[in-house]
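Participant:
Protein chains: 2
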Amino acid sequence: MAAVLPLADLKRQVGPGNWINSIIKGDCVAALEALPDHSVDAIFADPPYNLQLGGALHRPDQSLVDAVDDDWDQFASFEAYDIFTRAWLLACRRVLKPTGTIWVIGSYHNIFRVGAIMQDLNFWLLNDIVWRKTNPMPNFKGRRFQNAHETMIWASRDAKGKGYTFNYDALKASNDDVQMRSDWLFPICSGGERLKGEDGKKVHPTQKPEALMARVIMASTRPGDVILDPFFGSGTTGAVAKRLGRNFVGIEREQDYIDAASARIGAVEPLGKAELTVMTGKKAEPRVAFNTLIEAGLLKPGQVLSDVKRRHSAIIRADGTLAANGDAGSIHRLGAKVQGLDACNGWTFWHFQEGEALRPIDDLRAIIRTDLAKLS
Amino acid sequence: MAAVLPLADLKRQVGPGNWINSIIKGDCVAALEALPDHSVDAIFADPPYNLQLGGALHRPDQSLVDAVDDDWDQFASFEAYDIFTRAWLLACRRVLKPTGTIWVIGSYHNIFRVGAIMQDLNFWLLNDIVWRKTNPMPNFKGRRFQNAHETMIWASRDAKGKGYTFNYDALKASNDDVQMRSDWLFPICSGGERLKGEDGKKVHPTQKPEALMARVIMASTRPGDVILDPFFGSGTTGAVAKRLGRNFVGIEREQDYIDAASARIGAVEPLGKAELTVMTGKKAEPRVAFNTLIEAGLLKPGQVLSDVKRRHSAIIRADGTLAANGDAGSIHRLGAKVQGLDACNGWTFWHFQEGEALRPIDDLRAIIRTDLAKLS
DNA sequence: CGATAACATGAATCAGTGG
DNA sequence: TCCACTGATTCATGTTATC
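For the record, the sequence lines run as chains A and B.
For the first sequence, counting from 1, position 242 maps to 242 in the UniProt record's numbering; every step adds exactly one.
For the second sequence, counting from 1, position 36 maps to 36 in the UniProt record's numbering; every step adds exactly one.
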């Protein structure tokens, strides 16, 4: 069983960190306000979808918005939903680390309002992701297209946000070596994965599939990260986070959901470290300066480098710069200059002679990196 | 050549109906105000997306991406964009028949604001439709998911709108007798369909594909209906409307676009009545990524794969890559690596244990494909 | 002339670090 | 906060050039 933390206990300052991997029982905004600034790495939110289907909606002060009926005033309802949305998003934003990202899932009933408010609050939209359902419910009346998808918004905390986690290389490698697109195909949650009560009825009306959650987590978090879910429900976020070696914090009001989620998460076995290692690309590798190749004796001052088609050549100088045609500079600057470009990756542009063949100097950097790896 | 109508002439009341099948030259809202109440059956709007681009973007080969940096896409703030959006949507609403519907296309940059404002103005959202692009531009920096879709909102004029046109049966018949879903697959507009000037450059930066427009028109209008496009651009709406036996009204400010659209529409041959029945969308062979097998539970992280002669083995990681001997990568790259080859088809190389036998993981892909064949 | 390679391009909010 | 510098990064499709 995952720990359950009444909000009152949390507020009594039981100590920092005690809320990791627990479900906070209480109102979403109130519970968020009890968490420290910049304390979570990622947020996944599955807020109430709309007012028009009769779901209960609470204002930030926990008062109940009047139930929707045929006479309801549409503007007042949208306004109430906007106030609610702004409140929880703002509270989430404070809790999120500056390098963190947030996911919000919704349908056409609410996602446009959510997205616009996110922009108003200075979240910086990175992608909208379409979850295409393999087995959506049909449209029974034949008056619309079958509503076969939901939309997720992925955003960083700040405009022009930098430094967020995106495991690009792992996603690409797992996707037949082409980059992952913004349209994802998954079945809806059903069968054995769907939590059911003793009466055989589903515990939660909108339980999300673990496969969807797993891709979200694998894409935008690292092992050990803390993932917050302010509308925890049946606890899919917690279950998948635990399985994938991440930490979670859930917020939920309903005791029935908390009970089901707690038991569910308790039964999850985390994967081992080897299975959880995330594939990284060159960006994550240690930097090796060009000078290091000279110091290691792999290249020598005076030696000539050229591009792969031998159209340009340059001479290595003892200070670790290249010289050609009266110009000199780093491998990158000079590579750009001789080609008349703004930028150039000198590691892949410049080649050295080995026998009759040309090899990129990047091969030599790989040798250095291999040696470095043995040391660490 | 389609008729071009300066807004001043229209205001001089040349007579009702004279604006049918013509392009009104002028500002969008001003032109709309010159049209009568409840005079069009459907609206298709492709407003500026309000892209907020930073500096220049280069492809990995250093070529420059031709960005949409036109003046008409520049707005000072979200607030300015909202004011603009509210104005043209309100003007559209007056012109639309009570039984009419409106389509608006956009991307994550603007569609959330547009959708929220549509709801605020009492449009009643019927569906959001995802246009999945077969050939989207990649993400060059590897910092996001490939932005592979755009979103269309389809709405009726009034809340609980009734009596709008939706050709449910025709769509279903054209879709292998299953109801049309909310995710559509089409290529972007290129090749011979893409309008080009004498300099060989594209006339309009965001010309929409005719196939997309055709499905919109076939789904939500009847022959003889009047379709308004307040951001006419290169005139795709007019060209497809004419071909499909519908009438159009376009509004456009730029003379260059008007000239191109007018000539384009003039060259269109309307289809005969018999051909106006059914048209199908293009289907594509579903791509199945290795990750899909894990997400579907057919393979599990930690499980060991080997080649058919058990000379090499590798462990499946949660991120959808394989690991062996300290190396890691996609099923293809690692298969190549362990064999010392340049390339390898991981689908046929790697096998999993089933009882005492080894079966290629390609067998599992076949299972997924069978399930997906219905979707494409 | 045919096959193949090379090049071009599409609604894009597209980097991270250290001084 | 700004600036300089390193150096990582693309998929599908259509068109043109080359052999």
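Beta carbons: idealized from backbone N, C-alpha and C, even for Gly.
Excluding the 5 residues flanking B/PRO138 on each side, which residues of the same chain have their C-beta closer than 7 Å to its C-beta?
Facilitator: By one-based count along the second sequence, residue 138 of chain B stands at place 138. So the list reads GLN146, once near-sequence residues are dropped.
Participant: Closest to A/ASP362 by CA distance: which of A/LYS374, A/GLY329 and A/ASN291 is it?
Facilitator: Counting from one through the first sequence, the residue named residue 362 of chain A turns up at place 362. With distances taken between Cα atoms, A/ASP362 lies closest to A/ASN291.
Participant: Have a look at B/ALA314, B/THR151 and B/SER306 and flag the residue whose alpha-carbon is nearest the alpha-carbon of B/ALA45.
Facilitator: Counting from 1 along the second sequence, the entry for residue 45 of chain B is found at position 45. Measuring from the Cα of B/ALA45, the nearest candidate turns out to be B/THR151.
Participant: Name, please, each residue of chain B whose Cβ falls closer than 7 Å to the Cβ of A/ASP158.
Facilitator: The residue you call residue 158 of chain A lines up with position 158 of the first sequence. Those do not exist, as A/ASP158 stays about 14 Å from chain B at its closest Cβ, beyond 7 Å.
Participant: Could you tell me the distance, in whole angstroms, from the CA atom of B/LEU96 to the CA atom of A/LEU96?
Facilitator: Sequence index remark: in the second sequence, residue 96 of chain B carries index 96 (1-based). Sequence index remark: in the first sequence, residue 96 of chain A carries index 96 (1-based). Cα-Cα distance, rounded: 44 Å.
Participant: By the DSSP assignment, the alpha helix (DSSP H) with A/THR348 in it spans what residues?
Facilitator: Working through the first sequence from its first residue, we reach residue 348 of chain A at position 348. Looking at the DSSP string, the run of the alpha helix (DSSP H) that includes A/THR348 is 346-349.
Participant: Just to make sure I have the definition right: I need the residues of chain B whose C-beta is within less than 9 Å of the C-beta of A/ASP128. Which are they?
Facilitator: Position 128 of the first sequence holds residue 128 of chain A. Within chain B, the residues near A/ASP128 are SER107, TYR108, ILE111, PHE112, ASN147, HIS149 and THR151.
Participant: Pairing CB atoms from the segment 334-344 of chain B with CB atoms from the segment 293-308 of chain A, are three or more of them under 8 Å?
Facilitator: No, the segment 334-344 of chain B does not touch the segment 293-308 of chain A.
Participant: Looking at C-alpha atoms only, which residue of A/ALA314, A/SER107, A/MET213 and A/SER220 is the closest neighbour of A/ASN50?
Facilitator: Residue numbering aside, residue 50 of chain A sits at position 50 when the first sequence is read from its first letter. Looking at the Cα atoms, A/SER107 is the closest of the given residues.
Participant: Does the beta carbon of B/ALA289 fall short of 8 Å from some heavy atom of the ligand FMN?
Facilitator: Ligands displayed in this structure: none; no statement on the ligand FMN is therefore possible.
Participant: Go ahead and label B/MET1 buried or exposed: buried means 16 or more other beta carbons lie within 10 angstroms of its beta carbon, across all protein chains shown.
Facilitator: Taking the first residue of the second sequence as 1, we reach residue 1 of chain B at position 1. It is exposed - the Cβ of B/MET1 has fewer than 16 other Cβ atoms within 10 Å.
Participant: Please list, in chain order, all residues of the same chain as B/ASN127 whose beta carbon is under 6 Å from its beta carbon, the five residues on each side excluded.
Facilitator: Start at 1 with the first residue of the second sequence, and residue 127 of chain B comes out as number 127. These residues qualify, in order along the chain: TRP154 and SER182.
Participant: Thinking just about the alpha-carbon of each residue, which of B/PRO209, B/VAL226 and B/VAL216 is nearest to the one in B/SER234?
Facilitator: By 1-based counting over the second sequence, the position of residue 234 of chain B is 234. Checking every option, the nearest Cα to that of B/SER234 belongs to B/PRO209.
Participant: Going by other Cβ atoms of all chains shown within 10 Å of its Cβ, with 16 needed for buried, is B/GLY335 buried or exposed?
Facilitator: In the second sequence, residue 335 of chain B corresponds to position 335, counting from 1. The residue in question, B/GLY335, is buried, as its Cβ has 16 or more Cβ neighbours within 10 Å.
Participant: So, does the CB of A/PHE166 fall closer than 9 Å to a CB anywhere in chain B?
Facilitator: Residue numbering aside, residue 166 of chain A sits at position 166 when the first sequence is read from its first letter. A/PHE166 counts as touching chain B.
Participant: What residues from the segment 88-104 of chain A come within 8 Å of chain B, judged by C-beta to C-beta, listed N to C?
Facilitator: Correct list: empty, as no residue qualifies.
Participant: Flag B/ALA296 as yes if its beta-carbon sits less than 9 Å from any beta-carbon of chain A, otherwise no.
Facilitator: Along the second sequence, read from residue 1 onward, the residue named residue 296 of chain B stands at position 296. For B/ALA296, the answer is yes, since a Cβ of chain A falls inside 9 Å of its Cβ.
Participant: Which value, in whole angstroms, describes the spacing of the CA atoms of B/ASN345 and B/ASN21?
Facilitator: For this step, residue 345 of chain B is matched to residue 345 along the second sequence. For this step, residue 21 of chain B is matched to residue 21 along the second sequence. Cα to Cα, B/ASN345 sits roughly 55 Å from B/ASN21.
Participant: Leaving out five residues before and five after A/PRO270 in sequence, what residues of the same chain have Cβ atoms less than 7 Å from its Cβ?
Facilitator: Taking the first residue of the first sequence as position 1, residue 270 of chain A is located at position 270. Taken in chain order, the residues that qualify are LYS242, ARG243 and GLY245.
Participant: Under the three-state reduction of DSSP, which class applies to A/ILE111: helix, strand or coil?
Facilitator: Sequence index remark: in the first sequence, residue 111 of chain A carries index 111 (1-based). Three-state DSSP puts A/ILE111 in a helix.
Participant: How big is the Cα-Cα spacing for B/PHE349 and B/LYS309?
Facilitator: Numbered from 1 along the second sequence, position 349 holds the residue referred to as residue 349 of chain B. Numbered from 1 along the second sequence, position 309 holds the residue referred to as residue 309 of chain B. Taking the straight line from one Cα to the other gives about 10 Å.
Participant: What does DSSP give as the partner residues of B/GLU354 in its beta bridges?
Facilitator: For this step, residue 354 of chain B is matched to residue 354 along the second sequence. DSSP, once it has assigned bridges, lists B/ALA357 as partnering B/GLU354.
Participant: Using beta carbons (cut-off 9 Å, strictly below), is B/ASP120 in contact with chain A?
Facilitator: By 1-based counting over the second sequence, the position of residue 120 of chain B is 120. True, the Cβ-Cβ gap to chain A drops below 9 Å.
Participant: Suppose you measure from the CA of B/THR370 to the CA of B/PRO286; what does that come to, to the nearest Å?
Facilitator: In the second sequence, residue 370 of chain B corresponds to position 370, counting from 1. In the second sequence, residue 286 of chain B corresponds to position 286, counting from 1. If I take the Cα positions, the gap works out to 10 Å.
Participant: Excluding the 5 residues preceding and the 5 following A/ASP70 in the sequence, name in chain order all residues of the same chain whose CB lies nearer than 7 Å to its CB.
Facilitator: Looking up residue 70 of chain A in the first sequence gives position 70. Because the pLDDT at A/ASP70 is just 35, under 50, the model does not fix this residue reliably, and the value given afterwards should be weighed accordingly. So the list is empty, once near-sequence residues are dropped.
Participant: Taking B/SER313 as part of the beta strand (DSSP E), name the residues at either end of that continuous run.
Facilitator: Residue numbering aside, residue 313 of chain B sits at position 313 when the second sequence is read from its first letter. B/SER313 -> beta strand (DSSP E) spans 313-316.
Participant: Could you compute how far the alpha carbon of A/ALA211 sits from the alpha carbon of A/PHE186?
Facilitator: Your numbering for residue 211 of chain A matches position 211 in the first sequence. Your numbering for residue 186 of chain A matches position 186 in the first sequence. Going by the C-alpha atoms only, they are around 7 Å apart.
Participant: Three-state secondary structure (DSSP) at A/ASP120?
Facilitator: On the first sequence, residue 120 of chain A is found 120 positions in, with the first residue counted as 1. A/ASP120: helix per DSSP, three-state reduction.
Participant: For A/ALA343, would you say it is in contact with chain B, using Cβ-to-Cβ distances shorter than 9 Å as the test?
Facilitator: Against the first sequence, residue 343 of chain A aligns to sequence position 343. Answer yes: the Cβ-Cβ gap between A/ALA343 and chain B drops below 9 Å somewhere.
Participant: Measure from the alpha carbon of A/ALA263 to the alpha carbon of each residue in A/GLY238, A/ILE368, A/THR277 and A/MET279, then state which is nearest.
Facilitator: For the purposes of this step, residue 263 of chain A is taken as residue 263 along the first sequence, with counting starting at 1. Cα-wise, what sits closest to A/ALA263 is A/GLY238.
Participant: Using only the alpha-carbon positions, how far apart do B/HIS109 and A/GLY26 sit?
Facilitator: In the second sequence, counting from the first residue as 1, residue 109 of chain B sits at position 109. In the first sequence, counting from the first residue as 1, residue 26 of chain A sits at position 26. So the alpha carbons of these two residues sit roughly 34 Å apart.
Participant: Output, in sequence order along the chain, the residues in the segment 270-285 of chain A whose CB is closer than 7 Å to any CB in chain B.
Facilitator: Answer in chain order: LEU271, GLY272, ALA274, GLU275, LEU276, THR277, VAL278 and MET279.
Participant: Beta carbon of residue 409 of chain B, beta carbon of B/ALA324: below 9 Å?
Facilitator: With chain B covering only 1 through 376, there is no way to say anything about residue 409 of chain B.
Participant: Pick helix, strand or coil for B/GLN146, following the three-state DSSP scheme.
Facilitator: Within the second sequence, residue 146 of chain B is the residue found at index 146, counting from 1. Reduced to three states, the DSSP call for B/GLN146 is strand.
Participant: Using beta carbons (cut-off 9 Å, strictly below), is B/THR292 in contact with chain A?
Facilitator: Start at 1 with the first residue of the second sequence, and residue 292 of chain B comes out as number 292. Yes - at least one Cβ of chain A is within 9 Å of the one on B/THR292.
Participant: Does the beta carbon of B/LEU171 come closer than 9 Å to any beta carbon on chain A?
Facilitator: Reading the second sequence from its first residue, position 171 is the one you call residue 171 of chain B. At least one chain A Cβ lies under 9 Å of B/LEU171.
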